[in-house]
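Here it is, written out as structure tokens:
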């Protein structure tokens, strides 16, 4: 079952994704949700936003123990994520911020 926080994050990602596709022909991100970590005892949900063209990935983590925070990392699809994640208050993550992350990271070198 999808939590309310994950549902909200999905809505933000969907709106950001739609704007990116409208504004940039060369950026076509793929958004994925992973709840499999719960099956091995980790109380987290993950979202990945991948750029097939560049191989870059944005990872967003929702942790049950910190429901008001989103941990995130700019990484690469073909590499394991680093142990160091940044964090943002859940309430601060907006469509505009996620849009800017995708635009900046997926277009940059």
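Numbering (this note's numbering), first residue to last: 175 to 283.
Think of the CB as a built atom: it goes at the ideal place given N, C-alpha and C, for glycine as much as any other residue.
All figures in this text were calculated on a predicted structure; none of them were measured in a lab.
- Per the coordinates, the alpha-carbon of residue 264 lies some 10 Å from the alpha-carbon of residue 240.
- Listed in chain order, the beta strand (DSSP E) elements of length 3 or more contained wholly in the segment 210-274 are 218-225, 230-237, 243-250 and 260-263.
- When the alpha-carbon of residue 217 is set against those of 283, 226 and 237, the nearest one is in 237.
- Residue 207 sits in a strand when the DSSP states are folded into three classes.
- Here residue 194 carries a helix assignment [DSSP, helix/strand/coil].
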